[in-house]
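In UniProt numbering, the protein residues as written are 1 to 309. To start, the structure under review is shown below, and the notes come after it.
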């Protein structure tokens with residue numbers, strides 16, 4: 001499963017570098033012949049902003065007085081359109097000009113025995129902003145209209161507004177009588193968590209077949225959501241590097257309460273920095289070596305003494 005997370009990242013990178021790339025997995029560097037038994041049902045695409053250049057523009061006094069607008073090109077453009085007659089000379093600002101390009105977010109595979117749905121991890125700064133945007137909204141059961149708890153708004157926006165086709169539509173193309181595995185790494189694990197629940201509720205005949213495996217997952221929802229999730233998707237497993245800071249995000253309690261879904265399986269690989277502790281390859285090595293465990297660990301604590309002395 002973790003190999004497929006690596007391929008999802010390579011699919012994204014290849015697509016960004018080669019606009020003619022059709023999403024085929026066979027031409028990716030880490031493709032393995034063991035995957036030949038799968039057919040590619042669909043690839044998930046979305047749009048990503050690509051910055052091309054910067055230009056200097058005259059800035060109205062209103063913007064000078066509200067410098068936060070300088071960080072938002074859209075708001076700045078609107079402000080300029082309304083106040084052309086009050087532009088003051090000698091004041092300029094650099095505005096990044098960009099366009100949106102299609103990128104890959106993952107894929108759906110099917111074989112005679114099973115189906116696998118995979119989402120890639122975070123690759124862009126804008127996605128990281130979404131990761132730490134710790135505002136919550138209700139997760140509404142589309143069948144009953146009831147709230148199943150509260151979830152991370154940023155992850156919901158990515159799942160709903162970027163990915164195409166929608167996962168609930170894509171899985172209607174596969175056999176609901178075979179096991180269906182849903183997986184992802186980093187941002188992809190948060191998307192996998194939400195979209196697995198979407199699928200379970202929208203395609204109930206597939207729900208008994210769903211198994212979720214997520215790697216380096218941030219927290220996705222509050223305790224009510226996690227309890228609802230566990231009842232619907234009990235076969236959810238979360239693999240975590242104890243040295244990886246991403247699974248500690250968003251904080252358990254900040255503006256809202258966040259907790260993890262699923263059964264934790266952990267390992268410890270300390271690479272000395274955030275990136276080596278978090279990347280797919282670190283998780284892949286641990287999984288291949290079968291060092292992850294669901295047992296609690298007692299690590300020694302240094303500098304702990306009798307504070308009452």
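The beta-carbon is built from N, C-alpha and C at its ideal position, and this holds for glycine as well. These figures come from a predicted structure and were not determined experimentally.
Counted as a single uninterrupted DSSP element, the alpha helix (DSSP H) harbouring residue 198 occupies residues 187-202. In the three-state scheme derived from DSSP, where H, G and I count as helix and E and B as strand, residue 213 is classed as strand. Residue 269 and residue 195 have their C-alpha atoms spaced approximately 29 angstroms apart. If you draw a straight line from the Cα of residue 288 to the Cα of residue 253, it is about 34 angstroms long.
Each of 262, 232, 227, 267 was checked against the Cα of residue 244, and the nearest Cα belongs to 267. In the three-state reduction of the DSSP assignment, residue 236 falls in the strand class, which pools E and B.
The DSSP-derived three-state label of residue 268 is coil. Each residue's CA atom was taken as its position, placing residue 162 and residue 293 some 34 angstroms apart. Assignment of residue 260 by DSSP, reduced to helix, strand and coil, places it in the coil class. Under DSSP, residue 137 forms a beta bridge with 151.
Rounded to whole angstroms, the separation of the alpha carbons of residue 248 and residue 242 is 10 angstroms.
Between residue 214 and residue 259, the CB-CB gap reaches or exceeds 8 angstroms.
Across the structure, residue 299 and residue 34 are spaced so that their CA atoms are roughly 38 angstroms apart.
Per DSSP, reduced to three states, the secondary structure at residue 101 is strand.
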